[in-house]
Structures are given as structure tokens and as C-alpha cells.
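Scroll down for the structure; my scribbles are underneath it.
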Amino acid sequence: MRIGKPLEHLQAAVKGLDLSDPVLKLTTVGRQLGYAGYLINDTLVWAHTAKVRPFEPATYKTIQHRAARLWFTGIAFSIVSSLYKLYGLQQREAGARRVRSDAEKESERKVELKTIRAQQAAVRYQLTQDCLDILIPSGTLGYHSLNDGLIGLVGTVTSFMGLRTQVHKVLGGAVAAK
Numbered sequence: 001m002r003i004g005k006p007l008e009h010l011q012a013a014v015k016g017l018d019l020s021d022p023v024l025k026l027t028t029v030g031r032q033l034g035y036a037g038y039l040i041n042d043t044l045v046w047a048h049t050a051k052v053r054p055f056e057p058a059t060y061k062t063i064q065h066r067a068a069r070l071w072f073t074g075i076a077f078s079i080v081s082s083l084y085k086l087y088g089l090q091q092r093e094a095g096a097r098r099v100r101s102d103a104e105k106e107s108e109r110k111v112e113l114k115t116i117r118a119q120q121a122a123v124r125y126q127l128t129q130d131c132l133d134i135l136i137p138s139g140t141l142g143y144h145s146l147n148d149g150l151i152g153l154v155g156t157v158t159s160f161m162g163l164r165t166q167v168h169k170v171l172g173g174a175v176a177a178k
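For the sequence shown, the UniProt record's numbering assigns the number 1 to the initial residue and increments by one for each residue that follows.
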């Protein structure tokens, strides 16, 4: 169950207010509030489906639609954030590509380029996951008419992508070394 997750997202939104970059602040707060709102409404959908708290059909439909809209919003903010981060990394990479005058600075440059490439790969991976994930709520909202089988496949792929990310966070370099 994801009952405590909305609180985690609300806490992350509050932490996002401390970011100095205004674009990252906006996208972080927007993403976290979108996800928190989605999870609250998704819990209500679950409560209705499990017959814990039945709603009138019109109310249930409104809750489902609001959940999809908030999920879409959270993912959209995440996509904007990833694009912004990629742009910043591209600028850093351009600066790091300039050859340095001495050998010590040249080795620092190579380390910096390696770090930037690793960050770019992580951001691109998240962007790919978000671009796939956004198909799910956008279908619910009627923005496209992809069939349910394809949407289910997208959900499965992004779930495995998320699992891979979590395993990598927990095990760190142990996964990469194998």
C-alpha cells in the first residue's frame, strides 16, 4: 500500500522550496504536489474499488479523473525538469570539453566529463521513463486512444525501469560491477 507516500511527496515539496534555481524549485514542488495529490486520490479510488468507502458513480468518476490529471501534472513537471537538467549538463559539458593548460587540470577535466556523462545518462533514463509513463494518465484523460494492451505494456516497462533504479540505489556499484 502507498498510504504514507503522499506525506513523503509533501515533505519533498517543502524541501524543494529550498532550491536556489527557480526552474528546479518550480518543477520539484510541482512534481511532488502532483504526485501527492495523485496518490491521495488513488487511495480513494482503491477505497471505492475495495468497497471500504463506496462513492456515487459521478463522484467516483470525478476522483478518477482528478487522480489522472494530478499524475499527468506531476510527470509533466518531471519531464520539464529533466529537459532543463539536460540543458544545464550540456552547457557544463561544453565548458569541460575545452582543453586545459596543464596536466593536472587536464585530468580534472576528464573526471568532470565522466561525471557529466553519468549524470546525463541518469537524467535521460528518467526522461525516457517519464515520457512512457505520461501515456498512462493521458489515455485516461482522453488525450490519445492507444489500446489498453499497449498502455499495459508501457506500465510494465516503466515499472521494471523503476525497479531497476531502486535496485541500483540500494545496491549501488555492486550492480554496475557485475
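Cβ coordinates follow ideal geometry from the N, Cα and C atoms, glycine included.
Bounding residues of the alpha helix (DSSP H) (the contiguous stretch that carries residue i)
i, result
"Leu-146", "Where Leu-146 is concerned, there is no enclosing alpha helix (DSSP H), given that its DSSP letter is neither H nor E."
"Glu-93", "57 to 97"
Expected contact under 8 Å - CB spacing of residue i and residue j to nearest Å
i, j, result
"Tyr-38", "His-48", "Actually they do not touch by this definition, with Cβ atoms about 16 Å apart."
"Trp-71", "Gly-34", "7 Å"
"Pro-137", "Ala-58", "In fact, because the Cβ distance is near 20 Å, the residues do not count as touching under 8 Å."
"Val-123", "Leu-146", "The pair is not a contact, with the Cβ atoms about 26 Å apart (cut-off 8 Å)."
Alpha-carbon to alpha-carbon, residue j and residue i
i, j, result
"Ile-151", "Arg-98", "44 Å"
"Met-161", "Gly-88", "24 Å"
"Leu-26", "Ser-20", "10 Å"
"Gln-126", "Leu-17", "22 Å"
"Asp-133", "Lys-110", "35 Å"
"Leu-7", "Lys-51", "24 Å"
"Val-157", "Tyr-143", "21 Å"
"Gly-149", "Gly-4", "30 Å"
"Ala-177", "Ala-118", "In this prediction, Ala-177 has a pLDDT of 48, which is less than 50 and means its spatial position is unreliable; nothing more can be read from the coordinates."
"Glu-112", "Val-14", "31 Å"
"Arg-53", "Gln-91", "52 Å"
"Ala-96", "Val-170", "30 Å"
"Val-167", "Leu-44", "29 Å"
Same chain, Cβ closer than 7 Å to residue i, five either side skipped, listed in chain order
i, result
"Asp-130", "Ile-75, Ser-78, Ile-79 and Ser-82"
Reduced DSSP secondary structure (H/G/I, E/B, other) of residue i
i, result
"Gly-139", "helix"
"Ala-12", "helix"
"Ala-50", "coil"
"Ile-151", "helix"
"Ile-40", "helix"
"Arg-109", "helix"
"Gly-162", "helix"
"Asp-133", "helix"
"Leu-26", "helix"
"Leu-19", "coil"
"Arg-2", "coil"
"Gly-172", "coil"
Beta-carbon proximity list for residue i, same chain, < 8 Å, skipping 5 on both sides
i, result
"His-9", "Gln-32, Leu-33, Tyr-35, Ala-36 and Leu-39"
"Arg-66", "Gly-37 and Asn-41"
"Arg-164", "none"
"Tyr-84", "Val-23, Leu-24 and Thr-27"
Residues near residue i by beta carbon distance below 6 Å, same chain, minus five either side
i, result
"Gln-120", "Leu-89"
"residue 194", "Given a span of 1 to 178 for the chain in the structure shown, any question on residue 194 remains unanswerable."
"Glu-93", "Ile-116"
"Val-154", "Leu-132 and Leu-135"
"Thr-140", "Ala-68"
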